[in-house]
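Trainee: For the record, the sequence lines run as chains Z and V. Each number in my numbering corresponds to the 1-based position in the first sequence with 12 added. Each number in my numbering corresponds to the 1-based position in the second sequence with 12 added.
There are 2 protein chains.
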Amino acid sequence: MKIGELASATATKVETVRYYEKIGLLAPPARTSANYRAYGKEHLARLSFIRRARDLGFTLEAVRELLTLSDDKARSCEAVDSIARVHLADIERKISDLAALRTELDRVIGSCRRGTVGDCKIIETLGPKDARASVI
Amino acid sequence: MKIGELASATATKVETVRYYEKIGLLAPPARTSANYRAYGKEHLARLSFIRRARDLGFTLEAVRELLTLSDDKARSCEAVDSIARVHLADIERKISDLAALRTELDRVIGSCRRGTVGDCKIIETLGPKDARASVI
DNA sequence: GCTTGACCCTGTAGTTGCTACAGGGTGTAG
DNA sequence: CTACACCCTGTAGCAACTACAGGGTCAAGC
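1. Which residues mark the beginning and the end of the alpha helix (DSSP H) in which Z:Ala96 is found?
2. Hey, is V:Ala96's beta-carbon within less than 9 Å of any beta-carbon in chain Z?
3. For Z:Ala86, would you say it is in contact with chain V, using Cβ-to-Cβ distances shorter than 9 Å as the test?
4. What is the DSSP secondary structure of Z:Thr22, reduced to helix, strand or coil?
5. Please return the same chain residues whose Cβ sits closer than 8 Å to the Cβ of V:Arg58, not counting the five positions on each side in sequence.
6. Find out if the Cβ-Cβ distance for the pair V:Thr128, Z:Arg119 is shorter than 9 Å.
7. Are the CB atoms of V:Leu100 and Z:Ile103 nearer to each other than 9 Å?
8. Given this structure, state the Cα-to-Cα distance separating V:Ser146 from Z:Cys89, to the nearest angstrom.
9. Please report how far the alpha carbon of V:Ile62 lies from the alpha carbon of V:Val75, in whole angstroms.
10. Beta-carbon of Z:Gly16 versus every beta-carbon of chain V: anything under 9 Å?
11. What residues of chain Z sit near V:Gly122, judged by a beta carbon separation below 9 Å?
12. Using 8 Å for Cβ pairs, my map puts V:Arg68 next to Z:Glu116. What's the rounded Cβ distance?
13. Are the C-beta of Z:Thr191 and some C-beta of chain V separated by less than 9 Å?
14. From V:Gly29 to Z:Ile15, what does the alpha carbon distance come to, in whole angstroms?
15. Would you tell me roughly how many angstroms separate the C-alpha atoms of V:Arg66 and V:Ala21, rounded to the nearest one?
16. So what does DSSP say about Z:Leu59, is it helix, strand or coil?
17. Chain Z partners of V:Arg114, CB-CB under 8 Å?
18. In whole angstroms, give me the CA-to-CA distance for V:Thr71 and V:Lys106.
19. Is it right to say V:Ser94 is buried, meaning 16 or more other beta carbons lie within 10 angstroms of its own, or is it exposed?
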């Protein structure tokens, strides 16, 4: 399999595949006589794993750990579970941060009366606190 | 006001203040005889604006636009409203992406039976599709 | 047999929004 | 007078790619 085929089979960009090789996430494949990378099924499996973990939002560092762990089939899967749980907690924190942000941004936008910038509540809200206090 | 005072007044790091100056977001202030930056109230107001917009998740590029718009007090605040709405839509998209992620990760973690990596459902889920199909 | 175009190669620089040095100078308190 | 906190510039680093520049290879069509 050439790099373009591997890339399209995993919905990855060619440059990204090379990048994963450079940072040691994907093993360097054999080369053809023309110095083209020649991938096998094991590379496809590995890259699929990486992409799927990335799609789930794992960092490359977490993916690296998961790959290492997954290579040791006899090991307890506690560590795997732990990485996933830490990541889940992270996602939950991000969601609640964004939800708070949305609420505030909603409020800010809702205050817009479609006038001029001079009395735009959005701009006003963004200004320093004492400027806001003086208006009230 | 010296840079450290401005920084602590706006909960910003000194390096970040210098960075904002470098990228043209904050005007270069006057200098003391010792070449120290000497900030005035207008800088404090500007930096407060920037920080607050950043806290609301606006990109630096959006902040730059908002600052430009806010300088033209006579202008209609439509453009301001539009930037904020685009940003809100962006946040909402992120929230729903993360919520979908959480659901899937929840499912993956829930399938963990605390055995060995060899039959870890998390690792299995991350593997290539045909590997999963062959198990079923 | 020769050109066109799609693919491949390496290596480097750019993206966002900072943060962290290195290697200096300044100002003030004890 | 000396320690220490602060200031200066400039550069390099982080994540996770992405986008060139400047080449080589290969198959199809004329």
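Backbone N, C-alpha and C define an ideal beta-carbon position, used for all residues, glycine too.
Mentor: The answer reads as follows:
1. Glu90 to Gly122
2. yes
3. yes
4. coil
5. Leu38, Ala39 and Leu79
6. no
7. no
8. Confidence in V:Ser146 is poor, its pLDDT being 39 and thus under 50, which makes the residue's placement unreliable; the coordinate value appears in the next sentence. When rounded, the distance between both Cα atoms is 21 Å.
9. 6 Å
10. no
11. Those within 9 Å of V:Gly122 in chain Z number zero; the least Cβ separation is about 10 Å.
12. Residue identity check: residue 68 of chain V is Leu in the sequence provided, not Arg. Rounded, the Cβ-Cβ distance is 6 Å, consistent with contact.
13. Since the first residue shown for chain Z is 13 and the last is 148, residue 191 of chain Z is missing from the structure and cannot be characterised.
14. This sequence places Val at residue 29 of chain V; Gly is not what is there. If you take the alpha carbons of V:Val29 and Z:Ile15, they lie about 44 Å apart.
15. 16 Å
16. helix
17. Leu100, Ile103, Glu104 and Ile107
18. 14 Å
19. exposed
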